[in-house]
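Per the working numbering, the sequence shown runs over residues 3 to 73.
Ideal Cβ placement from N, Cα and C applies to all residues, glycine included.
This structure is a prediction, so every number in the text was calculated from the model and none was measured.
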Amino acid sequence: MIPGAMRPASKGAHIMAKSKGNVVQVILECTEAPGTSRYHTVKNVRNVTGRIERKKYNSTLRKHTLHKEKK
């Protein structure tokens, strides 16, 4: 082979794309006034088996309220 020359690509070499795996996107919706506030987040279904509950800010009510995962 000539020094500095490019080598041909090996046959059968495939580049695999990374898979998302166990991570899914979920929607958190306000429990005090449904439909007024929604947040999007991700969770790992392997580590978190139940539904997510978080206190988030609801701009319509102007206070922090409990948001639960919407199915």
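Assigned with DSSP and collapsed to three states, Ile29 falls in strand. When Lys70, Thr33, Glu31, Lys58 are compared, the shortest CA-CA separation from Gly52 is found for Lys70. In the same chain as Lys72, and ignoring 5 residues on each side of it, the C-beta atoms closer than 6 Å to its own belong to Ile29, Glu31, in chain order. Counting other Cβ atoms within 10 Å of its Cβ, Asn46 stays below 16 and is therefore classed as exposed.
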